[in-house]
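Heads up: the sequence lines are chains A and B, in that order.
Numbering-wise, the first sequence is residues 1 to 300 according to the working numbering.
Numbering-wise, the second sequence is residues 1001 to 1300 according to the working numbering.
All C-beta atoms in this analysis are idealised placements derived from N, C-alpha and C, irrespective of residue type, glycine included.
Number of protein chains: 2
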Amino acid sequence: MNLKDFRYLLAVAEYGHFGRAAQACGVSQPTLSVQLRKLEEQLGVALFERDRKAVVPTSACERLIGHVRAAVAEVDAILAAARDLCDPLAGRFRLGIIPTLAPYLLPLVFAPLHEALPTLLLEPWEDQTLTLLDRLRAHELDAALLATEVDGSEFTSQPLFDEPFLAALPPEHPLTAREVVAEADLAQDVLVLADGHCLREQTLAACGQSGALGGTLRAASLSTLLSMVAAGYGTTLIPGLAAGTAQDMGIVLRPLHECTGRTVRLVWRSSFPRRAAAEAVGQVIGDRLRGFAKAAAHRV
Amino acid sequence: MNLKDFRYLLAVAEYGHFGRAAQACGVSQPTLSVQLRKLEEQLGVALFERDRKAVVPTSACERLIGHVRAAVAEVDAILAAARDLCDPLAGRFRLGIIPTLAPYLLPLVFAPLHEALPTLLLEPWEDQTLTLLDRLRAHELDAALLATEVDGSEFTSQPLFDEPFLAALPPEHPLTAREVVAEADLAQDVLVLADGHCLREQTLAACGQSGALGGTLRAASLSTLLSMVAAGYGTTLIPGLAAGTAQDMGIVLRPLHECTGRTVRLVWRSSFPRRAAAEAVGQVIGDRLRGFAKAAAHRV
DNA sequence: CAACCTGATAGGCAAGGCCTATCGGGATGG
DNA sequence: CCATCCCGATAGGCCTTGCCTATCAGGTTG
């Protein structure tokens, strides 16, 4: 029971002539004769009444031919859809992004991505690292932008750019007097994000445990944290791309003595079949951001 | 591009497991692996992401799978329809019948045909011999009941029963005095049907050209002819099965001296693929009518 | 570390799709 | 009336391909 046989059937029904139908199908006339006879045997139904003058579909054939046409049309639809889908750089691309990166990075890369990969339909999804990894595992995301290393063979990752951290200080803070701030000097009054944000762990690792509000404040977003800093409740580390936003809030920024920072990576399942799409996305983001993060930091 | 491949695809999508899908399809697991990989190459699209833990459809696959389901469903519909159609004794059977036979024969055979061939959907079509043959040629009829021989190899025919003619006389006609009427005696005032009715030619052949109204009367139906006879305008020959109707109109019937009659045949295209259905129909009609026509004539 | 599970791969067999060449039988035409 | 043509069926052979069993590779589990 081959699909071609159905095409043969339609051709013979259309032309009423084995020879011409065979020509239209690109096969020889005996092929059509044999295949159609086989089809008739398999279906247990005579499909055509052969006559010296003409080949006429039987009434049974006419009852079937609608379904045959529909089946062939569906298969053609499959082929057409596959042709559209066969470009790995086209179609949906569900990209997870961590919250401390999304609002600052997305506006920068959306246009370049659309320009470089016009057929790629980017669908950003903002969540914390572990959630993003779970969604990657569940095939609910195609790739994710993270700021942590991912080990194991389950995922493949591509470093895109290094993003330096900056010390974020209230305008009246004593450390604003310095050109460069040492990470350890922030430990006294550093504020951190809630559990689950990789920036929280990175900040604590660089500065040490906060003495003041660190234990009680559970800022769910960098935006909240910046407001707290701007209001003078403490200091924090911010990623370079957030520099502009922080300054707009009146926060004073300073480079860090040990140049602490993070590496933004694109991560996807090792078995992800559209590796080409992932790498292309990574390429565009990397090209746009390499240097930009550092420049943003230096503009302080 | 084989249909089975689509079934394999659906099975793997359903089970998320090559081994179980293979079992469901009744093939080995390597078969599925190979065939699906081929399908992926042919479509140019990765359909599944293989992982040690799970086999997950790609987003491309999810876009295609609706069409795949539809295509497979259509093919299944073809198979199901073919199973229903594969009985040659089932389905429409378009049966042509000449007008001098139809109103008398049909009421007798309709019930027996339905009883003997309950799945056969009889569609009677009343027309004159030549028109019926044209419609047979055009595949617009499956078979026809005629009262003439059909020569050539184009058609195959099966004699069903012999139908004697009877002399039909007005009540006051001189010939009513005889027990048996000679065909030639009717010649003087015999009335015949219009051109195209085989009964016209058969009557003229038996009795000779009509002297009286024969030239001007163009009765389109046996019913008209009988009314004319009943009204005393002339005589005619009627087929045996019309005896009851004629007597109800007050017409006097007499057997013919030379037992002139006609043979009713079932005729179909020699290439007609449902020969079995035609022969079965002929069998039922023959069984019902053999003897009946003669009995009707003798009851006069 | 051994056993097991799962999908991929290799090799071989048999079915079957397709080809060319030819047949058979009816229509056509000089 | 015979030669020719047309058209579908048939025969024989080639080669693809679908399927099998056996095995591999890599990961998980007891």
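For my contact list, A/L117 and A/A280 are in at a C-beta cut-off of 8 angstroms; report their separation, rounded to the angstrom.
6 angstroms
Measuring only the C-alpha atoms, how far is A/T301 from A/V284?
This structure leaves residue 301 of chain A out entirely; chain A is present only between 1 and 300.
Residues near A/F93 in its chain [Cβ-Cβ closer than 7 angstroms; skip 5 each side]
L120, L121, L122, E123, D142, A277 and V281
Contacts of A/H17 in chain B (Cβ-Cβ under 9 angstroms)
Those do not exist, as A/H17 stays about 16 angstroms from chain B at its closest Cβ, beyond 9 angstroms.
Rounded to a whole number of angstroms, what is the C-alpha to C-alpha distance between A/M249 and A/L199?
20 angstroms
With 8 angstroms as the threshold, decide whether the Cβ of A/V68 is near any Cβ in chain B.
yes
Assigned secondary structure, B/T1129 (DSSP; H/G/I helix, E/B strand, else coil):
helix
Roughly how many angstroms separate the alpha carbons of A/F155 and A/L204, rounded to a whole number?
26 angstroms
Buried or exposed (CB count within 10 angstroms, at least 16 for buried), A/E41:
exposed
I believe B/L1289 touches B/L1106 by the beta-carbon criterion, under 8 angstroms. Please report the beta-carbon distance rounded to the nearest angstrom.
About 11 angstroms separates the two Cβ atoms, so there is no contact after all.
For my contact list, A/L166 and A/P103 are in at a C-beta cut-off of 8 angstroms; report their separation, rounded to the angstrom.
Between A/P103 and A/L166 the Cβ distance is about 16 angstroms, and since that is not below 8 angstroms, they are no contact.
I need the DSSP call for B/F1272, collapsed to helix, strand or coil.
coil
Look at the alpha carbon of B/T1058 and the alpha carbon of B/V1034, and state the distance between them as a whole number of angstroms.
18 angstroms
Measuring CA to CA, which of A/F292, A/P273 and A/Y15 is closest to A/L89?
A/P273
Minimum Cβ-Cβ distance from B/H1197 to chain A less than 8 angstroms
no
Taking a Cβ distance cut-off of 7 angstroms, strictly less, list which residues of the region 1038–1062 of chain B are near chain A, in chain order.
L1043, G1044, V1045, A1046, E1049, R1050, D1051, V1056, T1058, S1059 and A1060
Hey, is A/R135's beta-carbon within less than 8 angstroms of any beta-carbon in chain B?
no
Using a threshold of 8 angstroms, state whether the C-beta atoms of B/L1226 and B/T1245 are closer than that.
yes
Any beta carbon of chain A sitting closer than 8 angstroms to that of B/P1124?
no
Roughly how many angstroms lie between the CA atoms of B/L1079 and A/L3, to the nearest whole one?
13 angstroms
Does the Cβ-Cβ distance between B/H1067 and A/E74 come in under 8 angstroms?
yes
Determine which residues share a DSSP beta bridge with A/R20 and list them.
Bridge partners of A/R20: none, in fact.
Counting contacts by CB-CB distance shorter than 8 angstroms, is B/C1259 in contact with chain A?
no
Report all residues from its chain with a CB closer than 7 angstroms to the CB of B/A1046; omit the five preceding and five following residues, and keep chain order.
E1040, T1058 and A1060
Report the rounded CA-to-CA distance for B/D1195 versus B/T1131, giving the unit in angstroms.
12 angstroms
Unbroken beta strand (DSSP E) runs of length 3 or more, entirely within the region 223–261 of chain A: which are they?
236–239 and 252–255
Between which two residues does the beta strand (DSSP E) harbouring A/T156 extend?
F155 to L169
Using the Cα positions of B/T1236 and B/D1127, report the straight-line distance between them to the nearest angstrom.
21 angstroms
Is the Cβ of A/S271 closer than 8 angstroms to any Cβ of chain B?
yes
Kindly identify the DSSP beta-bridge partner or partners of B/A1278.
DSSP output for B/A1278 lists no bridge partner at all.
When the Cα atoms are used, what is the spatial distance from B/Q1158 to B/I1098?
16 angstroms
Quick one: grab the DSSP three-state call for A/P30.
helix
How about B/E1074: is its C-beta nearer than 8 angstroms to some C-beta of chain A?
yes
Compare the C-alpha of A/D189 against each of A/Y15, A/G234 and A/S221 and name the closest.
A/G234
Using a Cβ-Cβ distance under 8 angstroms, would A/L113 count as near chain B?
no
If I measure Cβ to Cβ from A/G208 and keep anything under 6 angstroms in the same chain, skipping five residues before and after, which residues do I get?
A187
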